[in-house]
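Here's the structure we're looking at; comments come further down.
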Amino acid sequence: MSPSFVPGPVDVNHDILQAQAQPMLPHRSPEYEKIFHQAEGKLRVLFGTQDRVLISASSGTGLQEAAVRNFAQSDVLSCINGAFGNRWHQVALSNGKNADKLEIPWDQPITAVAVQHALANKEYEIITIVHNETSTGLENPIEAVSNAVHKISPNTLVCVDAVSSLGGAPILMDSWGLDFVLTSSQKALALPPGLALGATSNRALERAASITNRGWYFDLLRLENARIKNSTPATSAVSLVYALDQQLDRILEEGLENRFFRYQKLAERIHQWALQQGFGLYAPADYRSRTVTTVTNSRNIDVSALIAYLLERNIRIANGYGSLKGKTFRIAHMGETTMADLEMLLTTIDDFLAIPDD
Ligand SMILES: *Cc1c(COP(=O)(O)O)cnc(C)c1O
0 MSPSFVPGPV DVNHDILQAQ AQPMLPHRSP EYEKIFHQAE GKLRVLFGTQ
50 DRVLISASSG TGLQEAAVRN FAQSDVLSCI NGAFGNRWHQ VALSNGKNAD
100 KLEIPWDQPI TAVAVQHALA NKEYEIITIV HNETSTGLEN PIEAVSNAVH
150 KISPNTLVCV DAVSSLGGAP ILMDSWGLDF VLTSSQKALA LPPGLALGAT
200 SNRALERAAS ITNRGWYFDL LRLENARIKN STPATSAVSL VYALDQQLDR
250 ILEEGLENRF FRYQKLAERI HQWALQQGFG LYAPADYRSR TVTTVTNSRN
300 IDVSALIAYL LERNIRIANG YGSLKGKTFR IAHMGETTMA DLEMLLTTID
350 DFLAIPDD
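Note that numbering that gives the first Met the number 0 gives residue 70 to position 71 of the sequence shown, counting from 1, and the numbers run on in steps of one.
Here it is as structure tokens:
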């Protein structure tokens with residue numbers, strides 16, 4: 000199998016795939032509770048929190064829904080500069096919330112100043128913001144935004160989607176003052192899809208206790224009550240939790256700083272290659288993602304033909320998202336991707352580019 004550069008589901012290490020093949024344990028058994036407890040402790044290290052990480056059998060979008068249902072009775076500020084920020088807004092609306100948009104052009108970051116403006120005239124219960132917009136390869140300055148929110152609107156909870164960055168770029172939940180940080184298993188954590196992880200602050204849980212109609216499956220107080228007993232309210236995704244526990248060992252063994260550095264180097268290599276080849280980079284210089292790079296198709300190549308050429312060689316990259324299709328292409332460099340994998344990809348793209356036009 001050749002490596003994939005698609006932003007999720009990403010390649011999973013063979014040993015981690017095998018970890019799922021262990022015999023099932025009941026989700027309320029001392030043996031399972033031990034694994035669950037270990038995994039949750041390691042997750043806190045990744046999220047930079049002392050509080051708790053809730054483990055849900057769903058994809059990340061499930062926890063986007065949990066955030067709007069648990070922390071807001073009505074008023075949500077949805078920060079949008081990409082497809083996943085927009086999805087979270089749609090999730091809020093479809094749960095009957097009164098969600099206002101703070102919309103920024105997709106090639107620009109959501110800044111502290113913009114958020115401050117939006118909070119000046121109305122008190123929101125929560126703001127939702129995406130850390131790393133996988134649709135554009137842009138990283139939003141979450142720490143600065145969070146500081147701005149606390150300053151101007153101290154009761155507003157800061158909810159962050161870190162689906163394609165948690166484990167791939169620094170996120171310090173406690174020191175940045177974040178209230179809820181969610182991720183999915185199948186992106187930067189390099190696990191199979193099916194688990195969502197949500198780090199939740201104490202004050203966020205206190206807020207949840209005052210909100211009605213939180214639902215059942217994504218009621219975070221219910222998940223918390225089960226977590227205290229090292230399990231989940233409904234059946235756990237047992238095999239995925241085996242894989243999670245082992246993958247967290249691998250991640251911590253590599254070291255978070257080493258991992259972040261690896262992705263940074265991969266990103267820099269793609270930037271250098273893209274500019275050298277006459278392409279552009281979609282995200283502005285200080286806001287480029289560490290885990291997925293969007294290359295602007297300034298040479299006007301046939302992106303679908305490139306993708307097909309790579310696929311014939313068992314290599315996958317992603318086209319631009321939505322209206323950016325054909326105008327950009329995306330190379331993910333999260334999970335297990337190495338520099339050797341990337342060099343192989345770039346050489347193959349160079350071969351494609353060298354094919355003479357008829
Ligand atoms: C993939 C992605 C999602 C959606 O996650 P699912 O696990 O597919 O529900 C949300 N936000 C971001 C930033 C993503 O990259």
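Note that beta-carbon positions come from the ideal geometry of N, C-alpha and C, so glycine has one too.
Cβ pair residue i, residue j closer than 8 angstroms
{"i": "alanine 147", "j": "valine 114", "result": "yes"}
{"i": "serine 58", "j": "proline 192", "result": "yes"}
{"i": "asparagine 299", "j": "threonine 327", "result": "no"}
{"i": "isoleucine 15", "j": "glutamine 185", "result": "no"}
{"i": "leucine 239", "j": "leucine 219", "result": "no"}
{"i": "arginine 329", "j": "threonine 293", "result": "yes"}
{"i": "leucine 194", "j": "isoleucine 54", "result": "yes"}
{"i": "glutamate 32", "j": "valine 52", "result": "no"}
In DSSP terms, what residue i is bridged to
{"i": "phenylalanine 328", "result": "Val294 and Asn318"}
{"i": "glycine 279", "result": "Thr295"}
{"i": "valine 157", "result": "Ile126"}
{"i": "valine 52", "result": "Ala198"}
{"i": "glutamate 342", "result": "Glutamate 342 is not bridged to any residue."}
Residue environment, residue i, which counts as buried when at least 16 other CB atoms sit within 10 Å
{"i": "glycine 279", "result": "exposed"}
{"i": "phenylalanine 260", "result": "exposed"}
{"i": "isoleucine 354", "result": "exposed"}
{"i": "aspartate 350", "result": "exposed"}
{"i": "glutamate 138", "result": "buried"}
{"i": "alanine 242", "result": "buried"}
{"i": "serine 303", "result": "exposed"}
{"i": "aspartate 244", "result": "buried"}
{"i": "asparagine 313", "result": "exposed"}
{"i": "isoleucine 34", "result": "buried"}
Local conformation of residue i per DSSP, three classes
{"i": "valine 75", "result": "strand"}
{"i": "glutamate 361", "result": "Summary: the structure shown does not reach residue 361, with the chain confined to residues 0 through 357, and so no result is reported for it."}
{"i": "threonine 127", "result": "strand"}
{"i": "alanine 353", "result": "coil"}
{"i": "alanine 111", "result": "helix"}
{"i": "serine 168", "result": "Reading off the sequence shown, one finds alanine at residue 168, where the question assumed serine. Here alanine 168 sits in strand by DSSP."}
{"i": "glycine 197", "result": "strand"}
{"i": "aspartate 99", "result": "strand"}
{"i": "serine 183", "result": "strand"}
{"i": "arginine 287", "result": "strand"}
{"i": "serine 152", "result": "coil"}
{"i": "leucine 137", "result": "strand"}
{"i": "serine 370", "result": "Any property of residue 370 remains undetermined from this structure, which presents the chain solely from 0 to 357."}
{"i": "serine 145", "result": "helix"}
{"i": "serine 418", "result": "Because the chain here runs from 0 to 357, residue 418 falls outside it and cannot be looked at."}
Closer than 8 angstroms to chain B by CB, residue i
{"i": "arginine 213", "result": "Reference to chain B is not applicable here, since this structure consists of a single protein chain."}
Under 8 angstroms, with one C-beta from each stretch per pair, do the segment 64 to 71 and the segment 80 to 95 reach the 3-pair mark? Contact holds: three or more Cβ-Cβ distances are below 8 angstroms.
Should the segment 266 to 278 be called in touch with the segment 149 to 167, which here means at least 3 C-beta pairs below 8 angstroms? no
Check whether the segment 280 to 288 and the segment 77 to 91 are in contact - that is, three or more C-beta pairs closer than 8 angstroms. no
Any chance the segment 128 to 138 sits against the segment 157 to 176, with 3 or more Cβ pairs inside 8 angstroms? yes
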